[in-house]
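According to the numbering used here, numbering within the sequence shown proceeds without interruption in unit steps and concludes at 479. Structure record follows, encoded as structure tokens.
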Amino acid sequence: MDDHGGLSAADLLDLNRDLQSSPTVRLLAATNLGLYSTLMDRHLSGGVMAETELVVRLERDLHDLDDDQSGLALIKTWASQGWLHRVVETRAERLDQNVCYLTQDARRALDFLRGMRRQDTIATGGSINGIAGRLKQVAIRVGNDPARIRKSIEAEIASLHQELDELDAGDRPAPDVTDAYDEARAIALQMERLITDIGQYGTMIEQATAALDEPIDSNVTYRDRQRRMYADYQAAWDSQGRDSHRAFLRMINDPDQRAEFEADVAAVADALPHLDPALRTVMAGFFELVGHQIDEVERIQQRCAQRVKRFTAFGTLEQSRGVARQLNEAIGAARTLLKTSLIDSRIDLELPLARHAISSVGALSFKIGDLSNPKPAAAAEGDVDLSSFAALTTQVDAPAMAEMINSALPVSLPQAVAKLDNAYLGHVIVLWSWALKQPNDAAAKSTTVRFRSLDGRDREIAVPDLAFTEPITAGVAQ
Numbered sequence: 002m003d004d005h006g007g008l009s010a011a012d013l014l015d016l017n018r019d020l021q022s023s024p025t026v027r028l029l030a031a032t033n034l035g036l037y038s039t040l041m042d043r044h045l046s047g048g049v050m051a052e053t054e055l056v057v058r059l060e061r062d063l064h065d066l067d068d069d070q071s072g073l074a075l076i077k078t079w080a081s082q083g084w085l086h087r088v089v090e091t092r093a094e095r096l097d098q099n100v101c102y103l104t105q106d107a108r109r110a111l112d113f114l115r116g117m118r119r120q121d122t123i124a125t126g127g128s129i130n131g132i133a134g135r136l137k138q139v140a141i142r143v144g145n146d147p148a149r150i151r152k153s154i155e156a157e158i159a160s161l162h163q164e165l166d167e168l169d170a171g172d173r174p175a176p177d178v179t180d181a182y183d184e185a186r187a188i189a190l191q192m193e194r195l196i197t198d199i200g201q202y203g204t205m206i207e208q209a210t211a212a213l214d215e216p217i218d219s220n221v222t223y224r225d226r227q228r229r230m231y232a233d234y235q236a237a238w239d240s241q242g243r244d245s246h247r248a249f250l251r252m253i254n255d256p257d258q259r260a261e262f263e264a265d266v267a268a269v270a271d272a273l274p275h276l277d278p279a280l281r282t283v284m285a286g287f288f289e290l291v292g293h294q295i296d297e298v299e300r301i302q303q304r305c306a307q308r309v310k311r312f313t314a315f316g317t318l319e320q321s322r323g324v325a326r327q328l329n330e331a332i333g334a335a336r337t338l339l340k341t342s343l344i345d346s347r348i349d350l351e352l353p354l355a356r357h358a359i360s361s362v363g364a365l366s367f368k369i370g371d372l373s374n375p376k377p378a379a380a381a382e383g384d385v386d387l388s389s390f391a392a393l394t395t396q397v398d399a400p401a402m403a404e405m406i407n408s409a410l411p412v413s414l415p416q417a418v419a420k421l422d423n424a425y426l427g428h429v430i431v432l433w434s435w436a437l438k439q440p441n442d443a444a445a446k447s448t449t450v451r452f453r454s455l456d457g458r459d460r461e462i463a464v465p466d467l468a469f470t471e472p473i474t475a476g477v478a479q
């Protein structure tokens with residue numbers, strides 16, 4: 002075994018290459034690292050900021066620094082590099098407003114730079130004693146030597162009794178300020194790192210859903226992406242990041258724990274005036290800074306929920322299967338037509354069945370046997386059978402659509418489609434199938450409605466001008 006846990010040189014090289022491509026390392030290696038870190042630390046280390054306000058602040062600092070860059074261009078650059086979240090806020094206080102906040106990768110880079118500026122170190126005069134004491138406590142808890150455990154407990158009880166006796170006698174010895182400074186500094190450094198790491202759970206679920214918006218070519222791709230999403234979600238669910246997120250959420254929402262924690266911070270700040278100002282600020286604003294991280298996780302969860310909804314609820318799988326069925330039916334119909342309409346005699350004219358980008362059986366050479374004008378094509382007869390699309394009811398928010406229709410009766414099918422904020426093909430098909438079950442005129446006129454395709458483009462489809470006159474029952478909507 003070598004010095005790197007049994008990893009080969011190739012494996013270790015792959016891991017280091019992955020780190021090299023991470024946003025954190027790219028920020029640390031940026032040519033303008035000094036300028037970027039200065040502006041990020043000044044304006045974004047505290048949490049979320051409205052984009053318009055951030056642009057104004059960046060422009061002011063850039064002017065003072067004699068830099069001709071644009072604040073908005075700088076924001077776009079940071080967002081494209083993975084250092085800044087630039088999203089539309091949906092909360093009441095900033096409804097439909099662009100907001101910006103640093104990603105976890107950028108926060109880690111800033112933490113590293115702050116530590117270098119302060120020349121952070123845990124190697125102090127009392128550090129070895131603290132390490133030895135904590136290591137002993139862990140060894141006793143995980144060990145199974147009853148005699149040693151009893152000796153440790155009795156020694157701790159005797160020490161506590163002695164401290165109580167000194168307190169009753171009014172003989173309180175002065176604390177060792179050096180050890181107190183060392184311990185407070187170590188706690189503040191840990192708090193600074195925790196503020197960044199608390200958002201790790203959000204980063205994991207963001208990565209679990211990042212690929213859901215990419216185009217899907219086949220059902221196999223859909224299946225593999227779905228399985229990967231569930232596996233990544235399970236890893237995030239089982240991670241220490243989620244446990245930390247829940248623990249901090251409980252502590253922040255408990256007024257007693259929060260009040261006690263803030264009282265301890267005030268006591269330390271009052272008794273240790275020479276503690277580093279930056280670390281003192283971290284301790285004093287710990288709950289507020291953690292609160293920003295909790296809010297960031299909630300925003301990530303909202304974005305991921307929308308991705309999952311688009312991925313599963315808007316008929317992605319059904320549309321993929323539908324396209325495959327339509328292609329197979331079209332190819333079968335074309336082969337049948339060629340068998341009945343063409344004779345097997347060659348001329349120097351080739352007719353391709355499909356473009357080169359689509360798999361086909363090649364090209365046909367044929368000769369027209371009957372030179373008379375062909376008969377006009379007859380219109381197809383029959384009704385559209387929507388029964389095969391019944392499964393789409395479970396892939397859209399059917400109860401919400403049924404409630405919307407029931408509250409607006411009477412309403413036509415095109416009007417019902419127009420009431421949807423983002424109508425996808427699955428929504429149109431489900432509404433159409435419901436409308437067919439309503440009492441309507443058999444000769445309803447055709448009307449064109451618009452819907453959004455999964456590629457983000459607007460599409461049109463002709464539907465009959467049916468009307469909803471009776472409430473949608475719970476059985477249909479489910």
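Beta carbons: idealized from backbone N, C-alpha and C, even for Gly.
Exercise. Step through the CB atoms of chain D and report whether any lies within less than 8 Å of the CB of I301.
Key: Going by chain labels, chain D is absent from the structure shown, which holds only one protein chain.
Quiz item: For L103, which residues does DSSP report across the bridge?
Solution: Locating residue 103 in the sequence shown gives position 102, where the first residue counts as 1. BP columns for L103 point to L85.
Quiz item: The beta strand (DSSP E) with T448 in it runs from where to where?
Solution: Numbered from its first residue, the sequence shown carries residue 448 at position 447. Its beta strand (DSSP E) spans residues 447-453.
Quiz item: Who are the near neighbours of A184 in its chain, counting only those whose CB is closer than 6 Å to its CB and skipping five residues on each side?
Solution: As a first step, residue 184 is located in the sequence shown; it is residue number 183 there, counting from the start. The question names Ala, but residue 184 in the sequence shown is Glu. Correct list: empty, nothing qualifies.
Practice problem: State buried or exposed for Q480, treating a residue as buried only when at least 16 other CB atoms are found within 10 Å of its CB. | Solution: Here the chain has residues from 2 to 479 only, and residue 480 is not among them.
Quiz item: Would the beta-carbon of Y234 fall within 8 Å of that of I206?
Solution: The residue you call residue 234 lines up with position 233 of the sequence shown. The residue you call residue 206 lines up with position 205 of the sequence shown. Yes, the pair counts as a contact, with Cβ atoms nearer than the cut-off.
Practice problem: Kindly indicate which three-state DSSP category R115 falls into: helix, strand or coil? | Solution: In the sequence shown, the residue the question calls residue 115 occupies position 114. Helix at R115.
Quiz item: Hey, quick one: how far does the alpha helix (DSSP H) through E263 stretch, first residue to last?
Solution: As a position in the sequence shown, residue 263 is number 262, starting the count at 1. E263 -> alpha helix (DSSP H) spans 256-272.
Exercise. Please confirm if the region 250-257 is in contact with the region 284-300, defined as three or more CB-CB distances below 8 Å between the two stretches.
Key: yes
Exercise. Determine, using beta carbons only, whether T210 and C305 come nearer to each other than 8 Å.
Key: Position 209 of the sequence shown holds residue 210. Position 304 of the sequence shown holds residue 305. Yes, they are a contact pair.
Quiz item: Can you name the start and end residues of the beta strand (DSSP E) that E461 belongs to?
Solution: Indexing the sequence shown from 1 puts residue 461 at position 460. Counting along the chain, the beta strand (DSSP E) containing E461 begins and ends at 459-465.
Quiz item: Is it buried or exposed for D442, if we count other Cβ within 10 angstroms and need 16 for buried?
Solution: In the sequence shown, residue 442 corresponds to position 441, counting from 1. Classification of D442: exposed, given that the 10 Å Cβ count is below 16.
Self-check item: Reduced DSSP secondary structure (H/G/I, E/B, other) of A30
Solution: In the sequence shown, the residue the question calls residue 30 occupies position 29. Three-state result, A30: coil.
Quiz prompt | Buried or exposed by the 16-neighbour rule on C-beta atoms within 10 Å, applied to G316 | solution = Position 315 of the sequence shown holds residue 316. Any reading at G316 must be qualified, since the residue scores a pLDDT of 49, below 50, and its modelled position is unreliable; the value itself is stated next. Under this definition G316 is a buried residue.
Exercise. Could you tell me which residues DSSP pairs with Y425 in its beta bridges?
Key: As a first step, residue 425 must be located in the sequence shown, where it is residue number 424. Per DSSP, R453.
Self-check item: S361 versus Q21 - alpha carbon distance
Solution: The sequence position of residue 361 within the sequence shown is 360, counting from 1. The sequence position of residue 21 within the sequence shown is 20, counting from 1. Only weak support exists for where S361 lies, its pLDDT of 43 falling under 50; the value from the coordinates is given anyway. Computed Cα separation, rounded: 44 Å.
Practice problem: Using the DSSP secondary-structure output, state which residues sit across from A468 in a beta bridge. | Solution: The sequence position of residue 468 within the sequence shown is 467, counting from 1. Answer by DSSP bridge pairing, in chain order: S413.
Self-check item: Rounded separation between Q191 and S408 - CA only
Solution: Here residue 191 is taken as the residue at index 190 of the sequence shown, counted from 1. Here residue 408 is taken as the residue at index 407 of the sequence shown, counted from 1. The alpha-carbon atoms of Q191 and S408 are separated by roughly 55 Å.
Quiz item: For M50, which beta-bridge partners are listed by DSSP?
Solution: For the purposes of this step, residue 50 is taken as the residue at position 49 of the sequence shown. Answer by DSSP bridge pairing, in chain order: C101.
Quiz item: Which residue comes first and which comes last in the alpha helix (DSSP H) that contains G203?
Solution: For the purposes of this step, residue 203 is taken as the residue at position 202 of the sequence shown. Note, G203: alpha helix (DSSP H), 201-210.
Quiz prompt | Three-way DSSP call (helix, strand, coil) for Q70 in this model | solution = Residue 70 sits at position 69 when you count from the first residue of the sequence shown. Residue state, collapsed to three classes: coil.
Quiz item: Hey, out of A51, E261, L165, K137, whose CA is closest to N99's CA?
Solution: The count along the sequence shown starts at 1 and reaches residue 99 at position 98. Comparing Cα positions, the closest option is A51.
Exercise. Reducing DSSP to helix, strand and coil, say where P147 ends up.
Key: For this step, residue 147 is matched to residue 146 along the sequence shown. Looking at P147 - three-state DSSP - the assignment turns out to be helix.
Quiz prompt | Contact set for Q294: own chain, Cβ-Cβ below 7 Å, skip 5 residues either direction | solution = For this step, residue 294 is matched to residue 293 along the sequence shown. These residues qualify, in order along the chain: I196, I199, G200.
Quiz item: Assuming D42 contacts L136 under a Cβ cut-off of 8 Å, what Cβ separation, rounded to an integer in Å, is found between them?
Solution: What you label residue 42 is simply residue 41 of the sequence shown in a count that begins at 1. What you label residue 136 is simply residue 135 of the sequence shown in a count that begins at 1. Not confirmed; about 35 Å, so no contact.
Exercise. Indicate the three-state DSSP secondary structure (helix, strand or coil) for L276 in the structure shown.
Key: Walking along the sequence shown from the start, residue 276 turns up at place 275. Coil.
Self-check item: Where E215 falls: helix, strand or coil (DSSP)
Solution: For the purposes of this step, residue 215 is taken as the residue at position 214 of the sequence shown. Looking at E215 - three-state DSSP - the assignment turns out to be coil, as it is neither helix nor strand.
Self-check item: Rounded Cβ spacing between A436 and L467 (contact assumed at less than 8 Å)
Solution: What you label residue 436 is simply residue 435 of the sequence shown in a count that begins at 1. What you label residue 467 is simply residue 466 of the sequence shown in a count that begins at 1. About 4 Å separates the two Cβ atoms, so the contact holds.
Exercise. With N17 as the anchor, note down where its alpha helix (DSSP H) starts and where it stops.
Key: The sequence position of residue 17 within the sequence shown is 16, counting from 1. First-last of the alpha helix (DSSP H) with N17: 10-21.
Practice problem: Kindly indicate which residue of F452, L421, D271, A140 has the alpha-carbon position closest to the one of S153. | Solution: If you number the sequence shown from 1, residue 153 lands on position 152. The residue with the shortest Cα to Cα distance from S153 is A140.
Self-check item: Inter-residue Cα distance where the pair is L59 and L40
Solution: The count along the sequence shown starts at 1 and reaches residue 59 at position 58. The count along the sequence shown starts at 1 and reaches residue 40 at position 39. Their Cα atoms are separated by approximately 7 Å.
Exercise. Give the straight-line distance between the Cα atoms of E164 and N17, rounded to the nearest whole angstrom.
Key: Along the sequence shown, one-based indexing puts residue 164 at 163. Along the sequence shown, one-based indexing puts residue 17 at 16. So the two alpha carbons sit approximately 52 Å from each other.
Practice problem: Please list, in chain order, all residues of the same chain as G363 whose beta carbon is under 6 Å from its beta carbon, the five residues on each side excluded. | Solution: Residue 363 sits at position 362 when you count from the first residue of the sequence shown. In this predicted model, G363 has a pLDDT of only 44, less than 50, meaning its place in the structure is not dependable enough to derive any value.
Quiz prompt | Buried versus exposed call for G171 [16 or more other C-beta atoms within 10 Å across all chains shown] | solution = Within the sequence shown, numbered from 1, the residue matching residue 171 stands at position 170. With fewer than 16 Cβ atoms within 10 Å of its Cβ, G171 is classed as exposed.
Quiz item: Per DSSP, what kind of secondary structure is G242 in: helix, strand or coil?
Solution: Here residue 242 is taken as the residue at index 241 of the sequence shown, counted from 1. Note: G242 maps to helix in three-state DSSP.
Quiz prompt | Through-space distance from D166 to A159, alpha-carbon basis | solution = As a working note, residue 159 is residue 158 in the sequence shown. As a working note, residue 166 is residue 165 in the sequence shown. Rounded to whole angstroms, A159 to D166 spans 11 Å at the Cα level.
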